[in-house]
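Notes follow the structure.
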Amino acid sequence: MSKILAFIEINKDTLKRVSFEVLTAARTLAEKSNGSFAAVVINGNSSVAGLTSEYGLSKLFNIESSQLTQYSSSGAAVAVSDLAKSEGFDTVLFGANATGMELAPKVAVRLDAGYVADCVGLDYSGDIIASKPVYAGKAIVKTKVNRSNKVFSLRPNVFTATIGNSTTTEFVNKSTSIDDSNLKVKVTNIIKNEGKIDVAEADRIVTGGRGFKGPENFFLVENLAKALGGAVGASRAVVDAGWRPHGEQVGQTGKTVSPNLYVACAVSGAVQHLAGMSSSKIIVAINKDKDAPIFKVCDYGIVGDVFEVLPKLSTLIENMPK
Amino acid sequence: MNILVCISRVPDTATKINISSNGKAIDNAGVKYILNPYDEFTIEEGLRLKEKNGGTVAALTIGGDSNVDILRTALAMEVDTAIHVKSTRDDFDSMFVAQNIAEVAKSLNPDIILFGKQSIDFDSYQVASLTSELLDLPSISVVSKLDINATSVTAERDIEGGKEVLATSLPCVISVQKGINEPRYPKLPQIMKAKSKPIDTRNAVDNGNYTEVLSMEIPSKARAGKVLGSTDSDLQELVRLLHEDAKVI
Ligand SMILES: Cc1cc2nc3c(=O)[nH]c(=O)nc-3n(C[C@H](O)[C@H](O)[C@H](O)COP(=O)(O)OP(=O)(O)OC[C@H]3O[C@@H](n4cnc5c(N)ncnc54)[C@H](O)[C@@H]3O)c2cc1C
Ligand SMILES: Nc1ncnc2c1ncn2[C@@H]1O[C@H](COP(=O)(O)O)[C@@H](O)[C@H]1O
């Protein structure tokens, strides 16, 4: 019987996508373990409750704190862990995004909990069993926590968000005051890459590799990404050559992505690249070398020259009936 | 400035992984171990902070006897001292590592503790945050730019779709990301000298594990793997498959 708390985050007028996934995972885990679940948001408002009711959420705690209008990971850690303690939650779930990955371990220490990061599965059989990829995705471990309190972060886009039995979400305001000593670190500014979809958040990604020969040919990748409404990704070879920014790099030393559709174009499929994208739902490989390793991990492959294939493919997709 | 850099030892990324007979770990036979690639940036950042602000750099690793080789690498890059916290078992978890780093930190009182963004074995992304919280210090993860002025710290860290700029003060914990610096290569004379430098060896504190691996498996490749040519009809077929079968477009 777990008492689960889902940490959710606001994005403009809605929640971050991963937050709906975390809510769904919390609900599923509560069902499997005959337990219950609630959620917590920082400086939210009652309109958030309107978004969560169809996910079957009956209670949303709102940590209301002017001290967190400028986000502070250490301040948030105190507020979330104090709430978990006072309300008796034994399991806390986060999205494994930049915020969650930094915050979850802090909350774990404050709850003297065991923590498993970047999970791709949560099961229950007498205890919560978390699966996570290790060694660049070359292996998967099943892990359990040997403490009464447990914290998990969930890899974005792996747990599918599904609505549940709709209920009214009770919005519970918790006005919170945090000791100044816990506010030593603060976000002072956020620089957004405007107008571009980030690979880490994109639903569809088209990645270009060294086979494009130079930055001037990346318009082919951009056009296909645009036709699909997705983001551009890059292999390390391309980033190291200075053709594309590091923010676009997918792989072990870049971003970990799991979009619904990943199209790898002129990418050989090195293990370090696979580490960043192997949990994608559907993988398409386009490569002129029929023996390229990427074909071993794809759902669909095209053996061909990207310079010929990409323009045609972009047109076919643009012309699809909407 | 009193600088502590924490480093881990991991299988080379190109290594083929086999599961050991107990089904809970990898088979070590034939596996080549290296300094965690992110910790090249960790050590380099420590050295650069020392070059700018003076002080000393201590490198620290938690693990078995074989971990000494990465301390030699750190010494060859010219950190001042090397500390090995020796563990008698190798199935320890991140909390074990963080608790032992915190112990050492209490004895050294560093102004800054540097980590890599992730250790590429278990990709736990957590030792920096765990340690900072155990020590009640502020921390910033995944830092790609770091500026320190007296005791005030400004850092940029990568977030989805952009960067966050953060402010904190020393003492603090930082985990570094690729791009923060270009790590130096140790030179031969330094590599030779590093071989005979002393290593401060301590015994690990063992409070048991917080998490337990139940099993480790090689994932099954359950992908369709339907490979087509590149004729117009192949491309039409691909679009149809994506639309009708996979339902992703
Ligand atoms: C510690 C470490 C970390 C790493 N981290 C990463 C990482 O995060 N991300 C990453 O991507 N890599 C990473 N790498 C590098 C990785 O090992 C590969 O070197 C890299 O992924 C190769 O990039 P690529 O596939 O673009 O280039 P290549 O391996 O050179 O492949 C190019 C491919 O393009 C094909 N091609 C060429 N011309 C055409 C054409 N006209 N049409 C169709 N196909 C064509 C070729 O057949 C080939 O398969 C890392 C390596 C190490 C050691
Ligand atoms: N055994 C270890 N000894 C010392 N430092 C470690 C150890 N394991 C991890 N670290 C540090 O923690 C960082 C992040 O690792 P992780 O949280 O395990 O992904 C690494 O880059 C190191 O700086």
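Residue numbers (the numbering used here), protein chains in the order written: chain A, 1003 to 1324; chain B, 319 to 567. Each residue gets a CB set at the ideal place from its N, CA and C atoms; glycine is no exception. From a predicted model like this one, the values you see are computed outputs, not experimental measurements.
What I want to know is whether the C-beta of residue i ends up closer than 8 Å to one or more non-hydrogen atoms of ligand 2.
| i | result |
| --- | --- |
| B/Leu560 | no |
| B/Phe440 | yes |
| A/Phe1096 | no |
| B/Ser384 | no |
| B/Gly434 | yes |
| B/Asp408 | no |
| B/Asp465 | no |
| B/Gln444 | yes |
| B/Arg327 | yes |
| B/Leu378 | yes |
| B/Cys490 | no |
| B/Ile419 | yes |
| B/Thr399 | no |
| A/Asp1125 | no |
| B/Thr333 | no |
| A/Cys1121 | no |
| B/Thr529 | no |
| B/Ser462 | no |
Using the Cβ count rule (16 or more neighbours within 10 Å means buried), how would you classify residue i?
| i | result |
| --- | --- |
| A/Gly1231 | exposed |
| B/Val523 | exposed |
| A/Ile1165 | exposed |
| A/Glu1023 | buried |
| B/Pro355 | buried |
| B/Tyr443 | buried |
| A/Ile1130 | buried |
| B/Thr406 | exposed |
| A/Asn1159 | buried |
| B/Glu369 | exposed |
| B/Tyr503 | exposed |
| B/Ile536 | exposed |
| A/Phe1221 | exposed |
| B/Pro507 | exposed |
| A/Ser1281 | buried |
| A/Ala1008 | buried |
| B/Gln554 | exposed |
| B/Pro456 | buried |
| A/Ile1193 | exposed |
| A/Thr1170 | exposed |
| B/Asp387 | exposed |
Under 8 Å from any heavy atom of ligand 1, does the C-beta of residue i make it?
| i | result |
| --- | --- |
| A/Ile1207 | no |
| B/Ser457 | no |
| B/Lys515 | no |
Per DSSP, what kind of secondary structure is residue i in: helix, strand or coil?
| i | result |
| --- | --- |
| A/Glu1310 | helix |
| A/Arg1019 | helix |
| A/Thr1317 | helix |
| A/Arg1149 | coil |
| A/Ser1282 | coil |
| B/Met534 | strand |
| A/Val1136 | strand |
| B/Leu464 | strand |
| B/Leu452 | helix |
| A/Gln1251 | strand |
| B/Asp476 | strand |
| B/Glu500 | coil |
| A/Gly1213 | helix |
| A/Val1223 | helix |
| B/Pro329 | strand |
| B/Arg407 | coil |
| A/Val1305 | strand |
| B/Val566 | coil |
Quick one: which chain D residues come within Cβ less than 7 Å of residue i?
| i | result |
| --- | --- |
| A/Phe1161 | Although the question refers to chain D, the structure presented lacks it and instead comprises the protein chains A and B. |
Original post:
Mind pulling the alpha helix (DSSP H) runs of 4 or more residues that sit fully within the stretch 1060 to 1127 of chain A?
Top reply: 1075 to 1089, 1100 to 1112, all fully within the stretch 1060 to 1127 of chain A.
Subject >> Residue list, Cβ distance to ligand 1 heavy atoms smaller than 5 Å >> reply: Each of A/Gly1211, A/Arg1212, A/Gly1213, A/Ser1237, A/Arg1238, A/Ala1239, A/Gly1253, A/Gln1254, A/Thr1255, A/Gly1256, A/Ala1268, A/Val1269, A/Ser1270, A/Ala1272, A/Gln1274, A/His1275, A/Asn1289, A/Lys1290, A/Asp1291, A/Ala1294, A/Asp1307, A/Val1308, B/Thr331, B/Pro355 has a C-beta closer than 5 Å to some heavy atom of ligand 1; these make up the full list, in chain order.
Original post:
What alpha helix (DSSP H) runs, 4 residues minimum, are completely inside the stretch 344 to 399 of chain B?
Top reply: Fully enclosed alpha helix (DSSP H) runs of 4 or longer: 355 to 371, 386 to 394.
**OP:** For the stretch 1028 to 1062 of chain A, list the beta strand (DSSP E) runs that are entirely contained and at least 3 residues long, ordered along the chain.
**Re:** Counting only runs of 3 or more, we get 1038 to 1044.
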